[in-house]
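Residue numbers (mature numbering (1 follows the signal peptide of the UniProt record, and there is no 0)): -23 to -1, 1 to 62.
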């Protein structure tokens, strides 16, 4: 009986410790995306998805996330966008 109690206490401690250690980690899941609309530009998308950040920085993030070398995006494209910092 004592062995069972020690085993259960150890298991409970492991679960609680694991849960507590993950509390400060950012949530995971699919990266946010936008679908480029007619007349959208990288600048307009940057302003829309991260209004509190400098558009040039957000554009750099969008380019990096999507492997975009130039300045053009096309209606219908799906772009990964950065989460707001």
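No residue lacks a Cβ here, since even glycine has one placed at the ideal position from N, Cα and C.
All figures in this text were calculated on a predicted structure; none of them were measured in a lab.
Do you know whose CA, among the options, lies nearest residue i's CA?
i	options	result
residue 50	38, -21, 2, 16	16
residue 54	34, 18, 25	18
residue 41	58, 20, -21, 29	58
Rounding to the nearest angstrom, what Cα-Cα distance links residue i and residue j in this structure?
i	j	result
residue 38	residue 10	13 Å
residue 44	residue 2	27 Å
residue 20	residue 8	20 Å
residue 29	residue 14	22 Å
residue 32	residue 25	9 Å
residue 34	residue -21	58 Å
residue 6	residue 12	18 Å
residue 47	residue 36	11 Å
residue 52	residue 22	12 Å
residue 27	residue 56	14 Å
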